[in-house]
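> My questions will all concern the structure given below.
2 protein chains.
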Amino acid sequence: MHITALAGGVGGARFVRGLRHHLDTTPGLEDTTVTVVANTGDDITLFGLRVCPDVDTLLYTLGGGVHDGQGWGRADESHRVQGELAAYGVQPQWFALGDLDIATHVARSQWLGQGATLSEVTTRLAARWGLPEQRLELLPMTDTPVETHVVVDDGEGGERAIHFQEWWVRHQASLPARRFVVAGLDRAAAAPGVLEAVRRADVVLLPPSNPVVSIGIILGVPGVRDALRGTSAPVVGVSPLISGRPVRGHADACLEAIGVPATAGAVAGLYEDFLDGWLVDPADAATTLRRGRVEVFDGPLLMSDVPATARIAEHALRIASSVPA
Amino acid sequence: MHITALAGGVGGARFVRGLRHHLDTTPGLEDTTVTVVANTGDDITLFGLRVCPDVDTLLYTLGGGVHDGQGWGRADESHRVQGELAAYGVQPQWFALGDLDIATHVARSQWLGQGATLSEVTTRLAARWGLPEQRLELLPMTDTPVETHVVVDDGEGGERAIHFQEWWVRHQASLPARRFVVAGLDRAAAAPGVLEAVRRADVVLLPPSNPVVSIGIILGVPGVRDALRGTSAPVVGVSPLISGRPVRGHADACLEAIGVPATAGAVAGLYEDFLDGWLVDPADAATTLRRGRVEVFDGPLLMSDVPATARIAEHALRIASSVPA
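Residue numbers (numbering that gives the first Met the number 0), protein chains in the order written: chain D, 0 to 324; chain E, 0 to 324.
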């Protein structure tokens, strides 16, 4: 069996880790391969280094190197390089880059500078984190540099665009977003293997990633949405909301920016042209109605630890085997 | 008074630190300004980062951040980034880059990438190390990227060129060098202020830096040698040899490569077209004869600590005031 998942950072990475745990501990499913298509709209160049936050969170989480309490970055991290950069007056300082993490960006930037594609770089980084041995393939959604920008009020009656990371990390999504603009996305091509991974999968999963700035961005890569509509695999999504609120992150602020209510049902509406099954938390079950052809199921969605997350993934796979694709 | 010194890494940096100490502790000399022209032939791009070993050793030594026992790199250094780079399989691993040190290279590389010249970058780095407050100006010899390569036997009867750092650091100068080739030096222009600093100085000093791959490279920058010949300032050099051997580094191997005996007198011969005074260790006094117009003096040259080094600098300045320029 082959599973393809579209993922953002923390939520997507934790879900896939739980999925892998479920597959590895279920007789007959160990050989299942998983392709993860990662959002790269969050990517940013800081200090001349190319940083891919979602790819890195996936690498660290799936490779066992993540700072678990934080959900991103490396365990046992230090910040000596950034302290020195601050002493040199290098800006910005609002994005925390740990020493171990910086090595990833240095390696990536060097390889990109030597002409490797982001896909090739990601494959090399994944090797160090043991993803192939886990039957995990990690693909960036595109090799084209794309960057999500957030249009906010400029305080003088007009508007200005800031990088997604500045809005998300520096301002904690507290500046009302008018809209998101993904620079380069219209001219981007899906990375090698991405469309095939969707078309040839036995199951496609949407982890509980941000529906606007993670999965929504991946869906904007030319060809991805068509591949989802056309795949013969069942497509099952896991709601990123519990009681209408994101467990972490700022999905509610993102949904508000695009004029979509922060409800599990409204999120399903963003996917209804290709979604077959939609798993919501029991807290949202009563208010989430079947939407077009999307069947709704409910089960606890709090990813409190790996086994709990594995049960959510198991539930999603059960749904996949029950819905008509 | 204004002093200009041409310097390589450890020896040059320690000498200038001693010089500054002498000036700062001598009534009437506190206001003396010092311009240091640094060798950049050692520069190398590692992991996509631009590393300027001599400039950095000067910054760290003069700014109080150097690892004193080692003579280069930062005190209280760690190597977490490089450990990760090794885990990613990034080469080379023979050049030790500490975490604090890497921040310097990241800052420099970012600024260079934004279009700043190496001079401008060096000025920014020097500000963080408090050089202006010490009346110290640090100039790279050129803003043109130049790189010293070492031609060695290829083991099959032919020859090959390797980067100076690979020869110096990886092979500890143990591969017999046939010659040195400085890529880009013929087309390099002296950095802004370099030629003026030589021409307008009241005293020009040659610290006990490597005469071949440090001072020799600076002398190869178009215009520098002419400026030294033409300056009205006395030019006084301090021998890098004691008893015909370098106190540290591999000056003897470098001299051998260019067919010059490792003696204080032979080194003076490399400078005799512009040198006015030559300070050698008492151990070399008997064998170092006046060479053309170069007057020879002797005094202890072991830079065992800052006060001892200050006394060497003081001696060099006394010589400068006694020789005809």
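Cβ coordinates follow ideal geometry from the N, Cα and C atoms, glycine included.
Assuming ARG79 of chain D contacts LEU99 of chain E (C-beta within less than 8 Å), just tell me the rounded distance between them.
Contact holds; Cβ gap of about 6 Å.
> How big is the Cα-Cα spacing for VAL330 of chain D and PRO191 of chain D?
Look at the range of chain D in this structure, 0 to 324, and you will see that residue 330 of chain D is not part of it.
> Span of the beta strand (DSSP E) holding PRO139 of chain D?
From DSSP, the beta strand (DSSP E) with PRO139 of chain D extends over 135-139.
> Leaving out five residues before and five after LEU194 of chain E in sequence, what residues of the same chain have Cβ atoms less than 8 Å from its Cβ?
Excluding positions up to five away in sequence, the list reads GLY222, VAL223 and ALA226.
> Please list the terminal residues of the continuous beta strand (DSSP E) segment that includes PHE14 of chain D.
Where PHE14 of chain D is concerned, there is no enclosing beta strand (DSSP E), although the alpha helix (DSSP H) it sits in stretches over 9-23.
> Within 10 angstroms of the Cβ of GLU132 of chain D, are there 16 or more other Cβ atoms? Answer buried if so, exposed if not.
Classification of GLU132 of chain D: exposed, given that the 10 Å Cβ count is below 16.
> Could you pull out every residue in the same chain whose Cβ sits closer than 8 Å to the Cβ of ALA309 of chain D, ignoring the five residues on either side in sequence?
Only GLY17, LEU18, HIS20, HIS21 and THR24 meet the Cβ criterion.
> Could you work out which residues of chain E lie near LEU84 of chain D, taking near to mean beta carbons separated by less than 7 Å?
Those are ALA102, VAL105 and ALA106, listed as they occur along chain E.
> Using a beta-carbon distance below 7 Å, is GLY112 of chain E in contact with chain D?
Chain D contact via Cβ: present.
> Looking at LEU135 of chain D: is its Cβ nearer than 7 Å to the Cβ of VAL36 of chain D?
No.
> Can you pull the chain D residues whose beta carbon is under 8 Å from the beta carbon of SER77 of chain E, in chain order?
The contacting residues are SER77, ARG79 and ASP98.
> Based on Cα-Cα distance, which residue from D:SER242, D:ALA4 and D:VAL105 lies nearest to THR31 of chain D?
With distances taken between Cα atoms, THR31 of chain D lies closest to D:ALA4.
> Need the endpoints of the alpha helix (DSSP H) that TRP110 of chain E sits in, please.
Segment 98-112, the alpha helix (DSSP H) holding TRP110 of chain E.
> I'd like the span of the beta strand (DSSP E) that includes GLY276 of chain D, first residue to last.
Where GLY276 of chain D is concerned, the enclosing beta strand (DSSP E) stretches over 276-279.
> Pick from E:VAL181, E:ALA232 and E:GLN113: whose alpha carbon is nearest that of ILE216 of chain E?
Taking only the C-alpha atoms, the option nearest ILE216 of chain E is E:VAL181.
> Would the beta-carbon of PHE326 of chain E fall within 7 Å of that of THR147 of chain E?
Since the first residue shown for chain E is 0 and the last is 324, residue 326 of chain E is missing from the structure and cannot be characterised.
> Taking beta-carbon pairs under 7 Å, can you tell me which members of the segment 172-188 of chain E lie near chain D?
Taking 7 Å as the Cβ-Cβ cut-off against chain D, none of the residues of the segment 172-188 of chain E qualify.
> If contacts are defined as beta-carbon pairs under 8 Å, then PRO206 of chain E and GLY11 of chain E qualify, I think. What distance do you get, rounded to the angstrom?
Confirmed, about 4 Å.
> LEU124 of chain E versus chain D: which residues are under 7 Å apart at the beta carbon?
Neighbours of LEU124 of chain E on chain D, chain order: TYR87.
> Spell out the partners DSSP gives PHE179 of chain D in its beta bridges.
PHE179 of chain D pairs with D:VAL149.
> Taking PHE46 of chain D as the query, report the chain E residues whose CB atoms sit under 7 Å from its CB, ordered along the chain.
Neighbours of PHE46 of chain D on chain E, chain order: VAL105 and GLN109.
> For GLU29 of chain D, which residues of its own chain have a beta-carbon under 7 Å away from its beta-carbon, when the five flanking residues on both sides are left out?
Closer than 7 Å at Cβ, skipping near neighbours: LEU22 and ASP23.
> Quick one: list the residues of chain D neighbouring ARG244 of chain E, beta-carbon separation under 7 Å, in chain order.
Simply none; closest approach about 36 Å.
> Does DSSP put ARG228 of chain E in a helix, in a strand, or in coil?
Here ARG228 of chain E sits in helix by DSSP.
> Specify the secondary structure class of ASP75 of chain E as computed by DSSP and reduced to three states.
In this structure, ASP75 of chain E counts as coil in the three-state DSSP scheme.
> Just curious, the beta strand (DSSP E) that VAL235 of chain D is in, first and last residue?
It spans 234-237 - the beta strand (DSSP E) in which VAL235 of chain D sits, taken as one unbroken run.
> At the level of alpha carbons, what is the spacing between VAL322 of chain E and LEU274 of chain E?
Their backbone Cα atoms lie some 10 Å apart in a straight line.
> The segment 127-148 of chain D: which residues have C-beta closer than 7 Å to a C-beta of chain E, in chain order?
Hits within the stretch, in order: ARG127.
> Could you tell me the distance, in whole angstroms, from the CA atom of ALA176 of chain D to the CA atom of HIS170 of chain D?
Looking at the two C-alpha atoms, the distance is approximately 11 Å.
> Any idea which residues DSSP pairs PRO245 of chain D with across the strands?
Looking at the DSSP assignment, PRO245 of chain D forms a beta bridge with D:LEU240.
> With the cut-off set at 7 Å, would you say GLY72 of chain D and TRP128 of chain D are in Cβ contact?
Their beta carbons are not under 7 Å apart, which means GLY72 of chain D does not touch TRP128 of chain D by this criterion.
> What would DSSP say about LEU288 of chain D, mapped onto helix, strand or coil?
Coil, per DSSP.
> Would you call SER173 of chain D buried or exposed, if buried means 16 or more other Cβ atoms sit within 10 Å of its Cβ?
Per the 10 Å Cβ criterion, exposed.
> Here's the rule: buried if 16 or more other CB atoms are within 10 angstroms of the residue's CB, otherwise exposed. What is GLY88 of chain D?
Exposed is the call here.
> Consult DSSP for GLU271 of chain D and reduce its assignment to one of helix, strand or coil.
Three-state DSSP puts GLU271 of chain D in coil, outside helix and strand.
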